[in-house]
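Working notes, structure below.
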Amino acid sequence: MWRGEGPRESRKKIVFSEAFQEPPSVHVGLSLWDVAEGANARIEIVAEAVTETGFDLVFRTWGDTRVARARAAWQAIGSLPHEDDWQLY
């Protein structure tokens, strides 16, 4: 992300330690960013393709923004299966 200009993207597959009963709500945010001075910091971080077992963490930048490094934090909130849950069919 340090070299080049225009749209750039990095993806990381995140796998939950336990599967949810249905796709959870996922919140992502930047916990660290190291960008070059002299240009605007154009950054987007999102969760895509959220399923019961994981999601894609996507970091995007564009224009003349230069990113040396970034760190993301995420939180997934949803129902987990319980051993006492009934499965009728």
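So the sequence shown is numbered by the numbering used here: it starts at 30 and just counts up by one. Built from N, CA and C at the ideal position, the CB exists for glycine as well.
Option nearest residue i by Cα separation, candidates the options
i   : options               : result
G33 : D114, Y118, D113, V96 : V96
A99 : V44, F49, G67, V57    : V57
R89 : L59, V44, H111, F45   : L59
E47 : T94, T82, D93, A78    : T82
I72 : V79, L86, T94, T80    : T94
Buried versus exposed, by CB contacts within 10 Å (16 or more), residue i
i    : result
V75  : exposed
P110 : exposed
V64  : buried
Cut-off 6 Å between Cβ atoms - residues of its own chain near residue i, not counting five sequence neighbours on either side
i   : result
Q50 : S108, P110
P53 : A105, I106, G107
Cβ distance (whole Å) where residue i is taken to contact residue j below 8 Å
i    : j   : result
G35  : W91 : 6 Å
A105 : V55 : 5 Å
V87  : R40 : 5 Å
Beta-carbon contacts of residue i that lie in its chain and below 7 Å, excluding the five residues immediately before and after
i   : result
K42 : G83, D85
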